[in-house]
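Read through the structure below, which is laid out as structure tokens, and then see the notes.
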Amino acid sequence: MFNILDYGAVGDGRTLCRDAFQGAIDACAKVGGGTVYVPSGTYLMGTVFLKDNIHIVLDAGALILGSRDLKNDFAPDEAIPYAVYQDASHTFFHHSLFVAEGLKHISVTGAGRIDMQSKYESDDFTPVRGIGVCARGSFRGAKAIAFKECTDVVLKDFSLYNATDLAIYLAGCDDIRINGLLIDTHIDGINIDCCKNTVISDCIIRSGDDGIVPKSSLVLGRKRFTENLAITNCIVSSECNAIKLGTESNGGFKNVAVSNCVIYDTRSVGLSVEAVDGGEIDGVTFTNITLKNVGCPFFVIIGDRARGPEGTGIGSIKNVKFSHIIHTGPYEELPRKRGPYFRHVEKLPFNHYAGMVVGLPDHPVENVRLEDIHLEMMGGEQTVPNEVPENPKGYPDANVFGTLNSYGYFIRHGKNIKAVDISAEAYEPDARHEITVDDVENFVRV
Numbered sequence: 154m155f156n157i158l159d160y161g162a163v164g165d166g167r168t169l170c171r172d173a174f175q176g177a178i179d180a181c182a183k184v185g186g187g188t189v190y191v192p193s194g195t196y197l198m199g200t201v202f203l204k205d206n207i208h209i210v211l212d213a214g215a216l217i218l219g220s221r222d223l224k225n226d227f228a229p230d231e232a233i234p235y236a237v238y239q240d241a242s243h244t245f246f247h248h249s250l251f252v253a254e255g256l257k258h259i260s261v262t263g264a265g266r267i268d269m270q271s272k273y274e275s276d277d278f279t280p281v282r283g284i285g286v287c288a289r290g291s292f293r294g295a296k297a298i299a300f301k302e303c304t305d306v307v308l309k310d311f312s313l314y315n316a317t318d319l320a321i322y323l324a325g326c327d328d329i330r331i332n333g334l335l336i337d338t339h340i341d342g343i344n345i346d347c348c349k350n351t352v353i354s355d356c357i358i359r360s361g362d363d364g365i366v367p368k369s370s371l372v373l374g375r376k377r378f379t380e381n382l383a384i385t386n387c388i389v390s391s392e393c394n395a396i397k398l399g400t401e402s403n404g405g406f407k408n409v410a411v412s413n414c415v416i417y418d419t420r421s422v423g424l425s426v427e428a429v430d431g432g433e434i435d436g437v438t439f440t441n442i443t444l445k446n447v448g449c450p451f452f453v454i455i456g457d458r459a460r461g462p463e464g465t466g467i468g469s470i471k472n473v474k475f476s477h478i479i480h481t482g483p484y485e486e487l488p489r490k491r492g493p494y495f496r497h498v499e500k501l502p503f504n505h506y507a508g509m510v511v512g513l514p515d516h517p518v519e520n521v522r523l524e525d526i527h528l529e530m531m532g533g534e535q536t537v538p539n540e541v542p543e544n545p546k547g548y549p550d551a552n553v554f555g556t557l558n559s560y561g562y563f564i565r566h567g568k569n570i571k572a573v574d575i576s577a578e579a580y581e582p583d584a585r586h587e588i589t590v591d592d593v594e595n596f597v598r599v
């Protein structure tokens, strides 16, 4: 065991311990790996780079504070040797607290805490992030955990607070176990991008952006599926989407199961499946999900955002099942987290939208089963729109089509859609239909 105190760390919350922490990691790696132990105390930290077979263990009394000096205490962004199509947050890794690339057998565990201190980049510091579509100004801070192309990754039992960039971002990693985390953060909670064989379980997440967000971007410079993913026994609250596959969806998703989760106080969508960047989605199930005070219960969409190389086509979605879903109110306006990232959305209303399954006219969503679903919706619309516009290029969020002509379910451009024991009711009188089914080949409701 390699105790960071033996390498010069001081647990007073004021002394920068980055070099001491790195020294303990390096010494541990020289003997083939082992445990780097963080005892009780408060440790001010910047970027450290993990190595093979390194297991960080946080004592129950340990608190790691992300430095507020983002310019000097965190590593600068690395060079990217291939074309970039995704946002900066899904492009760069080095400007983070714990960084790992191309490693095996690594973990961060223990009952300690990580607090990134809600630090946004100041106006006089802009990292080198201006390439391609990923230019995004200077407002986000550092990620807490950023791992790329690693194998056998364990994140377990710690708490993570106040990150102003993605709290946890794993890209191109395989054999991942994330268990028992408490995350309360300004931006996304857990991002799994182009990863295989992942279990996320028993986590509590409160996020200022999306909660648990599997993605399949071009972060690796090539397409790669996110596949063999299980999310279970999690509690999520989000100011955007609670559990979302996408929006980045160049490669696609295969074999995803979400079960036994509670979603509450979520402004946009509870459960979202999005194929908008040319990817293929095949084999997704959601079962035993309870939602309360959520803007839209579920949202399945094929779109044509086509963020990617020239010629990126339209993706596909097939073999999706929602079962044993309960969505209730009362519906109450939600407070916004503070910070410059939200200045442009501070006054957005908390709107309410039907559960949606929507393809494109020549690209239907196929083989969807809705079973044992009860939706209690806000209602209150006094008129029925004459038509709901197509918006294939629009950003795929619940409001992409404006006001719908149904308050419960909106199903359009599909094939082989079966609804078994589904219902919807409105809290307030609503002139719209309970369900809209438009351009669906072989729709069955029993």
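Using the working numbering, the first residue of the sequence shown is number 154, and each one after it goes up by one. Glycine is no exception: its CB is placed at the ideal position from the N, C-alpha and C atoms. Please read all numbers here as calculations on a predicted model, not as lab measurements.
Euclidean distance between Cα positions of residue i and residue j
{"i": "V281", "j": "Y322", "result": "Note that V281 has pLDDT 44, beneath the 50 cutoff, so the model's placement of it is unreliable and the number below is only indicative. Spanning the two alpha carbons is a distance of roughly 19 Å."}
{"i": "I454", "j": "E534", "result": "24 Å"}
{"i": "T556", "j": "P538", "result": "7 Å"}
{"i": "A579", "j": "N558", "result": "13 Å"}
{"i": "V599", "j": "N403", "result": "35 Å"}
{"i": "L371", "j": "S412", "result": "28 Å"}
{"i": "M269", "j": "V191", "result": "17 Å"}
{"i": "T317", "j": "I588", "result": "39 Å"}
{"i": "V286", "j": "Y238", "result": "Confidence at V286 is low in this model, with a pLDDT of 40, below 50, so the placement of that residue is unreliable and no value is reported for it."}
{"i": "Y101", "j": "A297", "result": "This structure does not reach residue 101, given that the chain is present from 154 up to 599, and the question cannot be answered."}
{"i": "K257", "j": "Y484", "result": "45 Å"}
{"i": "K376", "j": "S369", "result": "8 Å"}
{"i": "K445", "j": "I478", "result": "11 Å"}
{"i": "A264", "j": "G199", "result": "20 Å"}
{"i": "G561", "j": "F406", "result": "27 Å"}
{"i": "A180", "j": "G431", "result": "45 Å"}
{"i": "N207", "j": "D355", "result": "Looking at the sequence itself, residue 207 is Ile, so the reference to Asn does not match. Rounded to the nearest angstrom, the two C-alpha atoms are 24 Å apart."}
{"i": "G547", "j": "R458", "result": "7 Å"}
{"i": "M530", "j": "A320", "result": "32 Å"}
{"i": "D346", "j": "P582", "result": "42 Å"}
{"i": "S391", "j": "V184", "result": "43 Å"}
{"i": "D277", "j": "A232", "result": "Low confidence applies to D277: its pLDDT is 46, below 50, so where it sits in the model is not reliable enough to give any reading."}
{"i": "L169", "j": "N156", "result": "16 Å"}
Residue i: first and last residue of the uninterrupted alpha helix (DSSP H) it sits in
{"i": "A177", "result": "R171 to K183"}
{"i": "L223", "result": "L223 to D226"}
Among the options, nearest to residue i - alpha-carbon criterion
{"i": "D226", "options": "V437, G294 and A299", "result": "G294"}
{"i": "L424", "options": "P367, G164 and R377", "result": "P367"}
{"i": "F563", "options": "I178, V590 and Y190", "result": "V590"}
{"i": "I442", "options": "A572, C414 and T419", "result": "C414"}
{"i": "A428", "options": "L513, C181 and Y314", "result": "L513"}
{"i": "T465", "options": "L169, M530, E401 and N446", "result": "E401"}
{"i": "F439", "options": "G448, E433 and V426", "result": "V426"}
{"i": "V261", "options": "N408, G187 and D418", "result": "G187"}
{"i": "A383", "options": "C393, D574, N344 and V409", "result": "V409"}
{"i": "F451", "options": "H505, S360, P462 and G374", "result": "H505"}
{"i": "A507", "options": "V210, F554 and V252", "result": "F554"}
{"i": "Q175", "options": "E463, D165, D159 and D310", "result": "D159"}
{"i": "E594", "options": "N544, H586, I570 and G374", "result": "I570"}
{"i": "E463", "options": "A213, A236, V189 and V201", "result": "A236"}
{"i": "I388", "options": "E380, R359 and D363", "result": "R359"}
{"i": "N315", "options": "D230, G255 and T338", "result": "T338"}
Under 9 Å between C-beta atoms of residue i and residue j
{"i": "H516", "j": "G468", "result": "yes"}
{"i": "A395", "j": "I365", "result": "yes"}
{"i": "V521", "j": "K474", "result": "yes"}
{"i": "S249", "j": "A299", "result": "yes"}
{"i": "D341", "j": "D305", "result": "no"}
{"i": "D435", "j": "S476", "result": "no"}
{"i": "I357", "j": "I331", "result": "no"}
{"i": "K397", "j": "V437", "result": "no"}
{"i": "V252", "j": "L211", "result": "no"}
{"i": "S220", "j": "R171", "result": "yes"}
{"i": "R266", "j": "L216", "result": "yes"}
Unbroken beta strand (DSSP E) run spanning residue i, endpoints
{"i": "V300", "result": "The question names Val, yet the displayed sequence has Phe at residue 300. Per DSSP, F300 belongs to the beta strand (DSSP E) from K296 to K301."}
{"i": "M531", "result": "V518 to G532"}
{"i": "L513", "result": "That residue, L513, is in no beta strand (DSSP E); it is neither H nor E in DSSP."}
{"i": "H208", "result": "I207 to L211"}
{"i": "L313", "result": "S312 to Y314"}
{"i": "N332", "result": "D327 to N332"}
{"i": "V189", "result": "G187 to V191"}
{"i": "I336", "result": "L335 to T338"}
{"i": "M198", "result": "G194 to M198"}
{"i": "D305", "result": "T304 to K309"}
{"i": "D268", "result": "R266 to D268"}
{"i": "L506", "result": "For the record, residue 506 in the displayed sequence is Tyr; it is not Leu. Unbroken run through Y506: none, as it is neither H nor E."}
- Please list the segments of the beta strand (DSSP E) lying wholly inside the region 429 to 473, counting only runs of 3 or more residues, in order along the chain. DSSP assignment within the region 429 to 473 yields the following whole beta strand (DSSP E) runs of 3 residues or more, N-terminal first: 433 to 455.
Counting only runs that start and end within the region 536 to 594, where is the alpha helix (DSSP H) found for 4 or more residues in a row? Listed in chain order, nothing qualifies, since the region 536 to 594 has no complete alpha helix (DSSP H) run of 4 or more residues.
Checklist entry - Along the chain, which unbroken stretches of the beta strand (DSSP E) at least 3 residues long are found entirely within the region 219 to 264? => result Taking 3 residues as the shortest admissible run, the region 219 to 264 contains the following complete beta strand (DSSP E) segments, listed from N- to C-terminal end: 249 to 254 and 257 to 263.
| said: If we require 3 or more residues per run, which beta strand (DSSP E) segments fall completely within the region 341 to 424? | reply: You should have 343 to 346, 349 to 354, 357 to 360, 365 to 368, 379 to 385, 388 to 391 and 394 to 398.
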